[in-house]
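Per UniProt numbering, residue 1 is the first one in the sequence shown, and the count goes up by one each step.
Beta carbons are placed, not taken as given, at the ideal position from N, Cα and C, and that holds for glycine.
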Amino acid sequence: MGYACPVCDTPQRDGEHLAHHLAFTAMLHGGDHEDWLDERVPDWGDREPAGLAAEVTPHADDAEYEEVFEDTVARGRLDVGMGSGATDAGHAGHGHAGHDHGHADQSESRGVGVPDPDALDDPAVAEAIREARELTREGAEDGAAADDADSEGGDPADRDA
1 MGYACPVCDT PQRDGEHLAH HLAFTAMLHG GDHEDWLDER VPDWGDREPA GLAAEVTPHA
61 DDAEYEEVFE DTVARGRLDV GMGSGATDAG HAGHGHAGHD HGHADQSESR GVGVPDPDAL
121 DDPAVAEAIR EARELTREGA EDGAAADDAD SEGGDPADRD A
């Protein structure tokens, strides 16, 4: 048994999950969830999950919450690539189990749990994912350059001294 969100009726496992749902939805999307929290718990943004849960659960109806594996239920979830992460049919599901064998550059693959930005409805979310990918790519390149410098005899600043 859990709680139904008092705004959208989405079932939540317990009071803290309900508090997280309300707060994250309010922060990310504003609207009805934010209005509901502002009316009932004006300092909701400053509260810990347990404290917020104590304030919101009296307003929520009990709801049946069935435990399921997240990758078996599409309702309300993006397609986040819960499979192997393989991007072409020739490599999907043939036992690579999280490792590769020197395949061609896969920097463009989405990876497990990463939605395709071009398939998202919200342009702001799509742009955030693109920016995160670019920052990740840059960080990986910087890390590789630092590793190369280390393998070539240490810090270049030490060589100038």
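Report the option in the options whose CA atom is closest to the CA atom of residue i.
i, options, result
"Ala60", "Ile129, His21, Glu141, Ala145", "His21"
"Ala53", "His29, Asp32, Asp35, Arg13", "Arg13"
Buried or exposed: where does residue i fall if 16 or more other Cβ atoms within 10 Å of its Cβ makes it buried?
i, result
"Thr136", "exposed"
"residue 170", "Outside the shown range of the chain, which is 1 to 161, sits residue 170, and nothing can be said about it."
"Leu28", "exposed"
"Pro58", "exposed"
"Glu34", "buried"
"Ala132", "exposed"
"Ala26", "buried"
Taking residue i and residue j to be in contact with their CB atoms under 8 Å, please state how far apart those CB atoms are, rounded to whole angstroms.
i, j, result
"Pro117", "Ala63", "Actually they are not in contact, since the Cβ atoms of Pro117 and Ala63 sit about 33 Å apart, beyond 8 Å."
"Ala139", "Tyr65", "What sits at residue 139 in the sequence shown is Gly, not Ala. At roughly 39 Å, the Cβ-Cβ gap does not stay under 8 Å, so Gly139 and Tyr65 are not in contact."
What residues are listed by DSSP as bridge partners for residue i?
i, result
"Gly2", "Ala63"
"Pro11", "Ala4"
Return yes when the Cβ of residue j is within less than 8 Å of the Cβ of residue i, no when it is not.
i, j, result
"Trp44", "Ala23", "yes"
"Leu18", "Cys8", "no"
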